[in-house]
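In the UniProt record's numbering, the protein residues as written are 1 to 440.
Where is the CB? At the ideal position from N, CA and C, for every residue including glycine.
None of the values given here were measured: they were computed from a predicted structure.
Here's the structure we're looking at; comments come further down.
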Ligand code: GDP
């Protein structure tokens, strides 16, 4: 995400390279490029102007600092201002009621239903809540079915009533149902339209007035740039929502929505959607996002995701094996499965500082592991545990069994040996955090 703006900002800061000092002239030149990068990323022009004016003022004011280069200083100020622009600190979702009710709003296709499922999953797994999903789209039966599918995926019950044509009543029935079942979170998915329209706004405002939810979230597709900001304005003036959910940040978004929405509607971004799968949801941290936009990577999120997926016991066992040089293809396969659970490979790599840019033109899809898995599956258990056994006749058999070539098998074995070597080196380091700190 955000490769293009990251690149352009990077280029803008290069203007200052070789300059020993910040001057009106070189700052103005750099910030002209920064502003252009923001506008190209579809950031609202007023937001971009105020932003660069603030950075300029701060940069010139801090010129006395001589311990850093002008480029570093300007990057630091830009990062701090980007963080502020996106809201400063992370803002939690209000889940204090019993049941606590969250009402979704947004256009059709923005990702409401998908996010409803992700949120139910998040609240269940991370917050120990017992959620209920409620389907209030009375116009598209397919939307009700979709919510049932999503509910099933995350193991959360779904309340719907295809006979009832009044969405306000369905919402109320849903809340009653949750109370009876002892469920303490109600997530209400509503009908969207392709564009902002009066009838839809009235309907959702009526639901809001009738049920008085703890939290009204506005879901918006980040790929829609300035439109996302305008839609947010329209929804907010009618609903006075509590927070924004930006979806599809895994795509080719230019980032404008993430950067402008907070400032324009003065409501926090609370979550971001980074994929179609039910676990592709992240809490929105402005500072981490600023790091990513500036191409500084988001190591904290990466480590958190890794920690969530890695079972501590497994890690301990694996560490022991690595230390004894007993890491084998079975473990390698297991390792691949864990990585796959963490999310899309490209997205993960993008969190590593400097990698985002390097990977821009690489076509890494999630099937990248398929060949590797096929090769390992074609090995006998003995071969997986004792890779040294794999001689050339075995390689030939493995290649034909997995539908690959001997070269591919050789490449994998080499890769495996390198991984093994690297892991041994890393096992001497204290922990993963220690390892990640090297990047800083
Ligand atoms: P709704 O009409 O607002 O309920 O939108 P849906 O939940 O049906 O989502 C519309 C499309 O966007 C579906 O194909 C989803 O799979 C997809 N989608 C939703 N969230 C994300 C996301 O964060 N990333 C990606 N890549 N796709 C998403």
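query	result
Ranges of the beta strand (DSSP E) found wholly within the stretch 173–214, counting only runs of at least 3	185–189
Beta bridge counterpart(s) of residue 157 as assigned by DSSP	132
Cβ-heavy atom distance, residue 29 to ligand 3, below 7 Å	This structure lacks ligand 3; the ligands present are ligand 1.
Euclidean distance between Cα positions of residue 65 and residue 228	Residue placement at residue 65 is flagged as unreliable, the pLDDT there being 49, under the threshold of 50; the coordinate-derived value follows with that caveat. Looking at the two C-alpha atoms, the distance is approximately 39 Å.
Neighbour-count burial assignment, residue 86, 16 or more Cβ in a 10 Å radius	buried
Continuous beta strand (DSSP E) stretch holding residue 402: start and end	Element bounds for residue 402: not the beta strand (DSSP E) but the alpha helix (DSSP H), 392–402.
Beta-carbon gap between residue 41 and residue 246 smaller than 8 Å	no
heavy atom of ligand 1 below 7 Å from residue 270 C-beta	no
With 16 other Cβ atoms within 10 Å as the buried cut-off, status of residue 15	buried
Where the beta strand (DSSP E) through residue 104 begins and ends	100–105
Beta-bridge partners of residue 272, as assigned by DSSP	246, 282
Sequence-distant residues of the same chain with beta carbon closer than 6 Å to residue 177, five excluded per side	159
Residue of 242, 400, 404 minimising C-alpha distance to residue 372	404
For residue 55: DSSP bridge partner residues	Note: residue 55 sits in no beta bridge, so no partner.
Whether residue 467 touches residue 214 by CB criterion (8 Å)	Residue 467 falls outside the range modelled here, since the chain spans only 1 to 440, and no answer is possible.
Residue 151: CB within 7 Å of a non-hydrogen atom of ligand 1	no
Proximity below 8 Å, CB of residue 167 to CB of residue 211	no
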